[in-house]
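So the structure is just underneath, and the comments pick up after that.
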Amino acid sequence: MLTKLSKGLYCLYGIYIVTLISAFFIHIKTINLQGIMMCLSACLTPFLFPLFMHLCHLKMTIEMKMINIVFIYFSSLIGSCLGGYGWPCFDKMIHFISGIIISVVAAMFFHFIKKEKYIHHQADCYIYYIFIMAVNLSIAVLWEFYEYAMLIFFQNDCIHHYTTGVHDSITDMLCAFVGGGIVLYQVIRYVHKQNRYVIIKLMHQFYNQNISCYEK
-4 MLTKLSKGLY CLYGIYIVTL ISAFFIHIKT INLQGIMMCL SACLTPFLFP LFMHLCHLKM
56 TIEMKMINIV FIYFSSLIGS CLGGYGWPCF DKMIHFISGI IISVVAAMFF HFIKKEKYIH
116 HQADCYIYYI FIMAVNLSIA VLWEFYEYAM LIFFQNDCIH HYTTGVHDSI TDMLCAFVGG
176 GIVLYQVIRY VHKQNRYVII KLMHQFYNQN ISCYEK
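FYI, in this note's numbering the residues of the sequence shown are -4 to 211.
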């Protein structure tokens, strides 16, 4: 029997598919080749993170699957296929949310590497905090490298180089930094005062679902 979360996940999948088909029809009707290519890309992007988790032999919780499809819906489907990145602040909001998501994933993987659900030693806490922000900012930088490569090799100015210089890249990374900072604050509060934020609950659910991986 399907749970409420499972039904919600399938509903999100349905919304994604309907929106993707609609985007295909719009771009085919207007003969927009770039739009069609972005739609083809949007067919693949929902599977990238699940593939990464599969290669790491880790299971995704339902909550992680929901977050993945919602983020890809806005970042890839709405943003790239339907022109969302042309809307005011849309791009910055996506980078801000990506900073939150990547930082949470980084925290999850720290527990996976340590094979511990709780961080007990003070020295480990400092490494934990640095690891979260280092992974977050590394991904942010690599994404800007990708956008720069699109400019150099394909003349696709997705970093707005000719209109803003470095401003777009720097503000994108700042947004990711702020998003990561929110996660870091909640992690620090949890480590020192045991505050149970939603982010912490997600981390524990991931740990519990993959507990067999930790015990191997």
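Here a beta-carbon is modelled for each residue, glycine too, at the ideal position from N, C-alpha and C.
Practice prompt. Have a look at V13, S164, I92, K110 and flag the residue whose alpha-carbon is nearest the alpha-carbon of L146.
Written response: S164
Discussion item. Restricting to Cα atoms, I'd like to know which of Q150, L39, V178 is closest to L72.
Written reply: L39
Worksheet entry | Cβ contact (3+ pairs, closer than 8 Å) linking the segment -2 to 10 and the segment 52 to 68 | yes
Discussion item. In whole angstroms, give me the CA-to-CA distance for M168 and Y141.
Written reply: 13 Å
Worksheet item: Relative to the C-alpha of K110, which residue among Y180, Y202, V13 is closest?
Response: Y202
Fill in: Exposure label - H116; buried when at least 16 CB within 10 Å
exposed
Fill in: Exposed unless 16 or more other CB atoms sit within 10 angstroms - verdict on Q181
buried
Discussion item. Tell me the rounded alpha-carbon separation between V130 and F47.
Written reply: 16 Å
Worksheet item: Whole-angstrom Cβ separation of I92 and G176, contact assumed at under 8 Å?
Response: Not quite, the Cβ-Cβ distance comes to about 13 Å (not below 8 Å), so this is no contact.
Discussion item. Which residue marks the beginning of the alpha helix (DSSP H) containing P41, and which one marks its end?
Written reply: Per DSSP, P41 belongs to no alpha helix (DSSP H) and is neither H nor E.
Worksheet item: Which word fits G81, buried or exposed, when buried means at least 16 other C-beta atoms lie within 10 angstroms of its C-beta?
Response: exposed
Worksheet item: By a C-beta neighbour count over all protein chains shown, 10 Å radius and 16 as the cutoff for buried, is Y121 buried or exposed?
Response: exposed
Worksheet item: Does the Cβ of C51 have 16 or more other Cβ atoms within 10 Å, making it buried, or fewer, making it exposed?
Response: exposed
Worksheet item: Can you name, in chain order, every residue of its own chain whose Cβ lies under 6 Å from the Cβ of S36, other than the five neighbours on each side?
Response: none
Fill in: Endpoints, the alpha helix (DSSP H) within which I10 is located
-1 to 24
Worksheet item: Residues in its own chain within less than 7 Å of Q200 by CB, not counting five upstream and five downstream?
Response: T56, E58
Worksheet item: Got a sec? Which residues, its chain only, sit under 6 Å from K112 by beta carbon, not counting five neighbours each side?
Response: Y202
Fill in: Selection from D86, Y123, A144 that minimises the alpha carbon distance to F104
Y123
Item to complete: Would you grab the beta carbon distance between V193 and I127 for me? Rounded to a whole angstrom, and I think it's under 8 Å.
Response: Rounded, the Cβ-Cβ distance is 16 Å, inconsistent with contact.
Worksheet item: Measuring CB to CB, does I240 end up less than 8 Å from S70?
Response: Outside the modelled stretch of the chain, which goes from -4 to 211, sits residue 240, for which no answer is possible.
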